[in-house]
Amino acid sequence: AGGTILDSAGIKSVSSFIVDQIVGNSTNTTTSATYVDLPGASMNSFILVRNTIVLITVLSGAYNVYRNVNGNAAVGMKVTDSVNGDLISFTNHGNWIITGIDFVGQSYSLNVDDDLVNVSAYIQLSAGTHILKMQYKANNSGTATQDVFLLNYEILGA
128 AGGTILDSAG IKSVSSFIVD QIVGNSTNTT TSATYVDLPG ASMNSFILVR NTIVLITVLS
188 GAYNVYRNVN GNAAVGMKVT DSVNGDLISF TNHGNWIITG IDFVGQSYSL NVDDDLVNVS
248 AYIQLSAGTH ILKMQYKANN SGTATQDVFL LNYEILGA
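This note's numbering numbers the first residue of the sequence shown as 128 and each following residue consecutively.
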């Protein structure tokens, strides 16, 4: 409803930008070759009254146990929106060794096979009631294992 977003110290970001995030560190698996919802990775809804630029960040630690047999086996990940559909997609190959991660004072145990992928994107979302969620699938057979995730958004304005 109008107000000061900038003062002599800079942008009043706490009051000017709406942000939310969810994190999870439970092991989830699927053998589905089509995308299924990642348990616990659906955000609360938010409303946009006009087309708006939103910064979306997703982090995923995942692997496919079949990759040792089939080098192409991986985990397909995506972020979807209830209004705009598919927003971000990427692949966790599971070729890196990660022993753990700390985020905002919380420690997460990762499987030693996890591949940690982080993607951030500025995306224009349409007006409407939005629900962001993560989905995953097993690429090229095997079992997709997803151990840790972060999904957040920051509404930047039209």
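Idealized CB from N, CA, C, for every residue including glycine.
Item                                                                         : Value
As assigned by DSSP and simplified to three states, the class of Val331      : The requested residue 331 does not occur in the structure, where the chain is confined to residues 128 to 285.
Three-state secondary structure (DSSP) of Tyr280                             : strand
Val187 to Thr179 span [Cα, whole Å]                                          : The sequence shown places Ser at residue 187, not Val. The straight-line gap from Cα to Cα measures roughly 25 Å.
Inter-residue Cα distance where the pair is Ala128 and Asn211                : Model confidence at Ala128 stands at a pLDDT of 48, short of 50, so the residue's coordinates are unreliable; what they give is reported in the following sentence. Going from the Cα of Ala128 to the Cα of Asn211 covers about 26 Å.
Val181 vs Ile215 beta-carbon contact at 9 Å                                  : no
Opening and closing residue of the beta strand (DSSP E) in which Gly255 lies : Gly255 to His257
Residues sharing a beta bridge with Ile183, DSSP                             : Ala248 and Tyr280
Simplified DSSP assignment, three categories, for Val146                     : strand
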